[in-house]
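Written out below as structure tokens is the structure these notes cover.
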Amino acid sequence: MLILDGKKVSEHLKNQLKTRVEDFKKQYGTPPLLKVIIVGQDKASQVYVKNKHLACEKVGMKSEILELPASLTEEQLIQEIDKLNKDPRVDGILVQLPVPKTISTEAIFKSINSEKDADGITFFSTGLLWSGVDHVFPCTPSGVIKILKYYNIPIKGQRATVIGRSQIVGKPMAAMLLNENATVTIAHSGTADLQEITKGSDIVVVAAGKPNFFGAEYFSEKSVVVDVGIHGTGSGKLCGDVNFAEVNGKVSAITPVPGGVGPMTIACLLENTLDLALKRKRQS
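Just so you know, we're using numbering that gives the first Met the number 0 here: the sequence shown kicks off at 0 and counts up by one.
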């Protein structure tokens, strides 16, 4: 069984990005700038934002964090985003999710300028993705594709199942696999005979949000399993949606948690920011 080491792949990508950022600075004088907005004091979000900031520094990019109170209204957040849309210094904008329930993610997706959409999640970016137009891609699905390609796992002509239909992972993951010429099934809570579907799939991307839920009975020996889930356990460790201990050795390949998709999500965020910065510079 092959372990799909996302940390290894992310380091490979970040080394490439470091060289590209150096070239960018030589040509334009300043590094690309990612602006991250965090609303409230969610501990996990604070850790994620810190990790993104450190990753930016590692490749020579600049990152600034805008911390806003949980009492912020939706209108106030949109005003802050609009300021960044108009700020010529800013190349990429990311709003760290989740946000307080008083703020709709739909409003966020609508308000970020697609030319600064570092996470690839605006409605405009989503439309381009489903149209097969080259633009920035949502970070987690993009990371999944890069892992598969790094390990030379065939995608074209393969049967792929995506479990989960979120706007950030499930749906764009299906679109990206489709654009790679896979035959794609989107499974969800209303799907009948899920085990039959996943066992008949060559690639299974699990993004259901259910810790350790998917055991060996969902997969076959030929399955390439990509586990997007990440959950804290009572012992302070992390687990995915797939029961790794039970599935280990019974599939063709699998991403671990931690160390699988997570590191790639951050690396792809950096790549998106750099690509957006280059596009803006070339258009100006």
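Beta carbons are placed, not taken as given, at the ideal position from N, Cα and C, and that holds for glycine.
Open item on the list: Excluding the 5 residues flanking Val-89 on each side, which residues of the same chain have their C-beta closer than 7 Å to its C-beta?
Closed with: If you ignore the 5 residues before and after Val-89, its C-beta comes within less than 7 Å of the C-beta of Leu-32, Lys-34, Leu-83, Lys-115, all in its own chain and listed in chain order.
Task: Helix, strand or coil at Phe-213 according to DSSP, with G and I counted as helix - done: It is a strand residue.
Task: CB contact flag (Leu-65, Leu-269, <8 Å) - done: No. Outside cutoff.
Task: Buried or exposed by the 16-neighbour rule on C-beta atoms within 10 Å, applied to Asn-151 - done: Label assigned to Asn-151: exposed.
- [ ] Specify the secondary structure class of Gly-228 as computed by DSSP and reduced to three states.
- [x] Note: Gly-228 maps to coil in three-state DSSP.
Task: Beta-carbon spacing of Thr-197, Phe-218 below 8 Å - done: Cβ distance < 8 Å, so Thr-197 and Phe-218 count as in contact.
Task: Rounded straight-line distance, which links the Cα of Val-250 to that of Val-223 - done: Cα-Cα distance, rounded: 7 Å.
Task: Cutoff 6 Å; reference Val-121; Cβ partners in own chain excluding five residues on either side - done: Rather than Val, the amino acid found at residue 121 in this sequence is Thr. Within the same chain, Cβ atoms closer than 6 Å to the Cβ of Thr-121 are found at Phe-108, Ile-111, Ser-113, the five residues on either side in sequence being excluded.
TODO: Entirely within the region 219-277 and at least 3 residues each: give me those beta strand (DSSP E) ranges in chain order.
DONE: Complete beta strand (DSSP E) runs here, min 3: 223-226.
Open item on the list: Starting from Gly-91, trace the beta strand (DSSP E) in both directions and tell me its first and last residue.
Closed with: In this chain, the beta strand (DSSP E) harbouring Gly-91 covers 91-94.
Task: 8 Å contact criterion, which Ile-37 and Ser-44 should meet: CB distance rounded - done: Contact flag correct, Cβ pair sits at about 6 Å.
Task: Distance between Val-20 and Met-294 (C-alpha atoms, nearest Å) - done: A query on residue 294 cannot be resolved here, the shown segment of the chain reaching from 0 to 283 and no further.
TODO: State yes or no: is the C-beta of Pro-97 within less than 8 Å of the C-beta of Asp-41?
DONE: Yes, the pair counts as a contact, with Cβ atoms nearer than the cut-off.
Task: Secondary structure, alpha helix (DSSP H): runs of 4+ residues fully inside the region 81-144 - done: Complete alpha helix (DSSP H) runs here, min 4: 104-110, 122-129.
- [ ] Please go through the region 31-80 and give each complete alpha helix (DSSP H) segment of 4 or more residues, from N-terminal end onward.
- [x] List check, alpha helix (DSSP H) in window: 42-58.
Open item on the list: Please state whether the Cβ-Cβ distance between Asp-201 and Ala-159 is less than 8 Å.
Closed with: Yes.
Open item on the list: Within 10 Å of its beta-carbon, does Met-263 have 16 or more other beta-carbons around it, so buried, or fewer, so exposed?
Closed with: With 16 or more Cβ atoms within 10 Å of its Cβ, Met-263 is classed as buried.
TODO: State the DSSP-derived secondary structure class of Thr-184, mapped to helix, strand or coil.
DONE: Residue state, collapsed to three classes: strand.
Task: Proximal residues to Gly-163 (C-beta, below 6 Å), its chain only, five neighbours per side dropped - done: Taken in chain order, the residues that qualify are Gly-169, Ala-206, Ala-207.
Open item on the list: As a quick exercise: from Lys-209, Gly-189, Asp-86, Thr-184, pick the residue whose alpha carbon is nearest that of Gly-199.
Closed with: It is Thr-184 whose Cα lies nearest to the Cα of Gly-199.
Task: Same chain, Cβ closer than 6 Å to Leu-193, five either side skipped, listed in chain order - done: Taken in chain order, the residues that qualify are Ala-186.
Open item on the list: Under DSSP, the beta strand (DSSP E) around Thr-160 begins and ends at which residues?
Closed with: Here the beta strand (DSSP E) through Thr-160 covers 158-162.
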